[in-house]
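Protein chains in written order, with the working numbering: chain A, 247 to 549; chain B, 247 to 549. Worksheet: one structure, shown below.
Number of protein chains: 2
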Amino acid sequence: MGQLEEAQQKFLTELFEAGLLIDCGVPGVYGRSAVFESVIERFDRYITRIGAPDNPTLMRFPPVLNRKHFETSGYLKNMPQLAGTIHSFEGDQKAHVALIQALEAGNDWSAQQHMTDVVLTPAGCYPVYPALKGVQPAQGKLVDVFSYCFRHEPSIDPARMQMFRMREYVRIGQPDDVRNWRSGWLDRGLAMMQALGLDVTIALANDPFFGRTGKMLAASQREQELKYELVVPITSSESPTAVLSFNYHQELFGGLYGIQIEGNAAHTGCVGFGMERVALALLKTHGLDPNSWPAHVNEALGS
Amino acid sequence: MGQLEEAQQKFLTELFEAGLLIDCGVPGVYGRSAVFESVIERFDRYITRIGAPDNPTLMRFPPVLNRKHFETSGYLKNMPQLAGTIHSFEGDQKAHVALIQALEAGNDWSAQQHMTDVVLTPAGCYPVYPALKGVQPAQGKLVDVFSYCFRHEPSIDPARMQMFRMREYVRIGQPDDVRNWRSGWLDRGLAMMQALGLDVTIALANDPFFGRTGKMLAASQREQELKYELVVPITSSESPTAVLSFNYHQELFGGLYGIQIEGNAAHTGCVGFGMERVALALLKTHGLDPNSWPAHVNEALGS
Chain A
247 MGQLEEAQQK FLTELFEAGL LIDCGVPGVY GRSAVFESVI ERFDRYITRI GAPDNPTLMR
307 FPPVLNRKHF ETSGYLKNMP QLAGTIHSFE GDQKAHVALI QALEAGNDWS AQQHMTDVVL
367 TPAGCYPVYP ALKGVQPAQG KLVDVFSYCF RHEPSIDPAR MQMFRMREYV RIGQPDDVRN
427 WRSGWLDRGL AMMQALGLDV TIALANDPFF GRTGKMLAAS QREQELKYEL VVPITSSESP
487 TAVLSFNYHQ ELFGGLYGIQ IEGNAAHTGC VGFGMERVAL ALLKTHGLDP NSWPAHVNEA
547 LGS
Chain B
247 MGQLEEAQQK FLTELFEAGL LIDCGVPGVY GRSAVFESVI ERFDRYITRI GAPDNPTLMR
307 FPPVLNRKHF ETSGYLKNMP QLAGTIHSFE GDQKAHVALI QALEAGNDWS AQQHMTDVVL
367 TPAGCYPVYP ALKGVQPAQG KLVDVFSYCF RHEPSIDPAR MQMFRMREYV RIGQPDDVRN
427 WRSGWLDRGL AMMQALGLDV TIALANDPFF GRTGKMLAAS QREQELKYEL VVPITSSESP
487 TAVLSFNYHQ ELFGGLYGIQ IEGNAAHTGC VGFGMERVAL ALLKTHGLDP NSWPAHVNEA
547 LGS
C-alpha cells in the first residue's frame with residue numbers, strides 16, 4: 247500500500263469509527279449517519295440559494311436511465327468500465343431451480359440474469375437530454391437535477407464511492423449562452439468553496455476515457471477546455487479531489503437527442519456538485535464534528 | 247386492454263400531460279416535477295413528525311446492497327423475478343471492440359457485462375440488518391431509513407414503478423416489543439391516511455412469492471398475519487393499491503445476519519411508506535393541483 251492509499255484507508259477508518267459512514271462490506275458502498283446527511287442537506291440548500299436567482303426548472307429522476315437512451319449517449323464507447331447495467335431473472339420454475347442450486351453451491355449464478363431495459367445513471371444530467379427532445383426556445387433552458395449516480399470503480403478512497411450523489415444545473419442554449427453561463431458558475435463555485443474555508447484550486451480536466459483512443463479523447467477535451475474542475479485536498483495535497491465540475495458538451499447531446507434551438511442542434515453544459523466529496527472535504531478540513539467547525543463556515547453553509 | 251389497464255393508462259397520460267411525471271420511454275421509470283417532489287417532501291416530513299417521539303436512529307443507504315448480503319437474505323428464493331443485479335464491463339481493449347461492434351450492429355451486448363459485488367435495493371430495510379450484526383441492547387433498536395428501491399415489474403400502472411422511494415422505520419427487538427410496535431404503527435398509519443382524506447382500508451396481505459412453492463409461502467404468511475397493508479383506491483376501487491405496509495419478520499433476519507438480543511436471534515419488523523404511491527393517491531383523490539386540495543388535507547400534510 248502506497249502513501250496515498252494509506253492516507254485514504256486511515257480517513258475511511260476514522261469515518262467508520264466516528265459513525266459518520268457505515269461499512270457495508272463493499273469498497274465504495276457506505277451507509278450515512280444523521281450527521282453526515284445533515285451536512286449533505288445543508289450544502290444542497292446552499293446550492294439552491296446561490297442558483298435560485300436563475301429560476302431553474304426542477305426535475306428529479308430515479309437513479310436509472312432508459313438503456314436505449316444510454317446506448318445513444320456514447321458512454322459505452324468512452325467509459326465502458328464505469329457503467330452499470332441492470333439484469334433480472336426472467337426464467338421459469340426450472341430456471342429458478344438452476345439459480346438456487348448455483349447459489350447454494352456457491353457458484354456463479356449470473357447465467358440466469360438477463361439485461362433489462364434500464365441502466366444505472368452515471369451522472370445526474372443524462373436523463374435530462376432525452377426529456378428535452380424537440381424545439382426549445384431561443385433563450386434555451388436551465389434544469390436543476392439531483393440523483394444518486396453509479397460508477398464501477400471500487401476503491402478504499404472514501405471520496406471515490408461507487409454510489410454517490412450529484413446535484414447539477416444543466417444549461418441548454420446557444421453556444422455563447424452556454425459558455426458564458428459555465429464561466430459564471432466557475433466564479434460562483436469558487437466563491438462557495440472559499441466561503442466554506444476549503445483550500446480550492448481551479449484545474450483543467452478530462453474524463454477517464456477508456457483505452458488507447460481514450461488518451462486522444464482526453465487530450466482533445468483538455469485542448470478545447472471542455473472540462474474544468476474545482477479540486478480540494480481531502481486525503482492528499484499532491485492529488486487533490488475534484489468536488490465541482492464545469493462541462494461544456496458543445497452540440498454533442500443536442501445532436502444525439504434531437505434538441506433544437508433556432509434550427510440548430512442545441513449546445514449544452516452542466517455544473518455538477520459532488521455532494522459526498524464536498525461533505526468529506528468539510529469533515530477532513532474542519533474536523534469530524536460540524537458543531538466544532540469555524541463559525542464562518544457554519545454560517546456560509548447555513549442551517 | 248382490460249378496464250383496469252385502461253384506467254391505469256388514462257391516469258398515467260394525465261400525469262404526463264399535467265407535467266407531474268416525465269416519460270422516460272420505459273414503463274415504470276419516470277422523471278418527477280417540482281410539484282410532485284414537493285408532495286413527496288411534505289409527506290416525508292409528516293412521517294418524521296409522527297415518528298419523532300420514538301427517537302429513531304437515522305441511517306441513509308445508497309440504493310444498492312452488498313451482493314453477498316443480498317444472497318443471504320433469501321430474496322432470490324422468494325422473489326427472484328423482482329431483483330436487479332448490477333453488471334459492469336471488466337474487459338480489455340479487444341473486449342471493448344467486441345462490445346462496440348455488438349452495440350453498433352444492434353445486437354445483444356450483455357455478454358461483455360459481468361456481475362458486480364452489488365445489487366439494487368429491493369426495500370429500504372435490507373441494508374439495515376447486516377449493519378446491526380452483533381449483540382443489541384435488551385430494549386432493541388429503532389432505525390429510520392429512506393431509499394430508492396428497484397423492482398423489475400414493468401407496468402403501465404403509475405402506482406407500480408420499477409424505481410420508487412420507500413421510507414421505513416425498522417424495529418429490532420424482542421418478539422412482544424416488535425409486535426406491539428407494529429400494531430401501534432398500524433393505528434398511526436390509518437390515522438395519517440384518514441387525515442389526508444384518503445379512502446383507506448386495512449388488508450391482510452402477502453408478498454408476491456415466485457412459483458409453486460410461492461403459493462404455500464403466501465398462504466403461510468397470511469395465516470401467521472405477518473403482513474398487513476393499508477390500501478387506497480388509485481386507479482380502481484376493486485383493486486386498491488397498497489400505500490403502507492406493516493411487516494413482522496419474526497427471527498428471520500436476526501438469524502440470517504447474526505443480530506442477538508439477550509442470547510437469542512433478534513426479532514424484526516418494519517413499517518414501509520410507499521412515497522410515490524401516497525403522492526399518487528393524493529393526486530388522484532384530491533386533484534392534480536395541490537393548491538386546490540381541501541384545506542384540511544393541506545393542513546394535515548403540512549408545508
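In this text, a Cβ means the ideal position worked out from N, Cα and C, and glycines have one as well. The structure displayed is predicted, hence computed values, not measured ones.
If you follow the alpha helix (DSSP H) that residue i is part of, which residue opens it and which one closes it?
i, result
"residue 462 of chain B", "457-469"
"residue 476 of chain B", "Element bounds for residue 476 of chain B: not the alpha helix (DSSP H) but the beta strand (DSSP E), 473-478."
"residue 314 of chain A", "313-319"
"residue 375 of chain B", "374-377"
"residue 545 of chain B", "541-547"
To the nearest angstrom, report how far apart residue i and residue j are at their CA atoms.
i, j, result
"residue 542 of chain A", "residue 523 of chain A", "20 Å"
"residue 478 of chain B", "residue 450 of chain A", "54 Å"
"residue 372 of chain B", "residue 419 of chain B", "16 Å"
"residue 265 of chain B", "residue 259 of chain B", "10 Å"
"residue 413 of chain B", "residue 301 of chain B", "16 Å"
"residue 307 of chain A", "residue 404 of chain B", "15 Å"
"residue 268 of chain B", "residue 310 of chain B", "24 Å"
"residue 363 of chain B", "residue 313 of chain B", "5 Å"
"residue 497 of chain A", "residue 509 of chain A", "13 Å"
"residue 305 of chain B", "residue 389 of chain B", "7 Å"
"residue 545 of chain A", "residue 444 of chain A", "14 Å"
"residue 386 of chain A", "residue 452 of chain A", "26 Å"
"residue 488 of chain A", "residue 520 of chain A", "8 Å"
"residue 476 of chain B", "residue 501 of chain A", "47 Å"
"residue 448 of chain B", "residue 463 of chain B", "21 Å"
"residue 399 of chain A", "residue 272 of chain A", "11 Å"
"residue 480 of chain B", "residue 295 of chain A", "36 Å"
"residue 474 of chain A", "residue 454 of chain A", "14 Å"
"residue 406 of chain B", "residue 254 of chain B", "10 Å"
"residue 428 of chain A", "residue 516 of chain A", "7 Å"
"residue 442 of chain B", "residue 321 of chain B", "33 Å"
"residue 283 of chain A", "residue 249 of chain B", "44 Å"
"residue 537 of chain A", "residue 526 of chain A", "15 Å"
"residue 506 of chain B", "residue 383 of chain B", "9 Å"
"residue 401 of chain A", "residue 316 of chain B", "21 Å"
Given that residue i touches chain E, what residues does it touch there, using C-beta distances under 8 Å?
i, result
"residue 252 of chain A", "Absence of chain E from the displayed structure is noted, the protein chains being A and B."
By the DSSP assignment, the beta strand (DSSP E) with residue i in it spans what residues?
i, result
"residue 449 of chain B", "447-450"
"residue 514 of chain A", "513-520"
"residue 488 of chain A", "487-496"
"residue 390 of chain A", "387-396"
"residue 429 of chain B", "From DSSP, residue 429 of chain B is part of no beta strand (DSSP E) but of the alpha helix (DSSP H) over 421-441."
"residue 408 of chain A", "Note, residue 408 of chain A: premise wrong, no beta strand (DSSP E); not H, not E."
With DSSP as the reference, please indicate the residues paired to residue i in a beta bridge.
i, result
"residue 267 of chain B", "B:278"
"residue 359 of chain B", "B:335"
"residue 366 of chain A", "A:310"
"residue 347 of chain B", "Its beta-bridge partners do not exist; DSSP assigns none."
"residue 305 of chain A", "B:279"
"residue 414 of chain B", "B:391, B:518"
"residue 510 of chain B", "B:507"
"residue 327 of chain A", "Bridge partners of residue 327 of chain A: none, in fact."
"residue 380 of chain A", "A:505"
"residue 272 of chain B", "B:275"
- Item | Interfacial residues, the segment 299-326 of chain B to chain A, with Cβ spacing under 9 Å | 303, 304, 305, 306, 307, 308, 309, 310, 311, 312, 313, 314, 315, 317, 322, 323, 326: these are the residues of the segment 299-326 of chain B whose beta carbon lies less than 9 Å from some beta carbon of chain A, given in chain order.
- Query: Are there three or more Cβ pairs, one per stretch, closer than 8 Å when the segment 352-370 of chain A is compared with the segment 318-333 of chain A?
  - Reply: With the rule of 3 Cβ pairs closer than 8 Å, the segment 352-370 of chain A counts as touching the segment 318-333 of chain A.
- Message: Under 8 Å: do the segment 335-349 of chain B and the segment 277-284 of chain B share three or more Cβ pairs, one atom per stretch?
- Response: By the criterion of at least three beta-carbon pairs nearer than 8 Å, the segment 335-349 of chain B is not in contact with the segment 277-284 of chain B.
- Determine which residues of the segment 387-405 of chain A have a Cβ less than 8 Å from any Cβ of chain B, and write them out in chain order. Taking 8 Å as the Cβ-Cβ cut-off against chain B, the residues of the segment 387-405 of chain A that qualify are 394, 396, 398, 400.
- State whether the segment 525-535 of chain B contacts the segment 454-474 of chain B, with contact taken as three or more CB pairs (one from each stretch) at a distance under 8 Å. No: the two stretches stay apart, fewer than three of their Cβ pairs being nearer than 8 Å.
- Item | Residues from the segment 469-494 of chain A in contact with chain B, defined by Cβ distance under 9 Å | Nothing from the segment 469-494 of chain A brings a Cβ to less than 9 Å from some Cβ of chain B.
- Query: According to a CB-to-CB cut-off of less than 8 Å, which residues of the segment 359-382 of chain A neighbour chain B?
  - Reply: Cβ contacts with chain B come from 359, 360, 361, 362, 363, 364, 366, 373, 376, 377.
- For the segment 257-276 of chain A, enumerate the residues whose C-beta is nearer than 7 Å to any C-beta of chain B, in chain order. Residues passing the 7 Å Cβ filter: 268, 270, 271, 272, 275.
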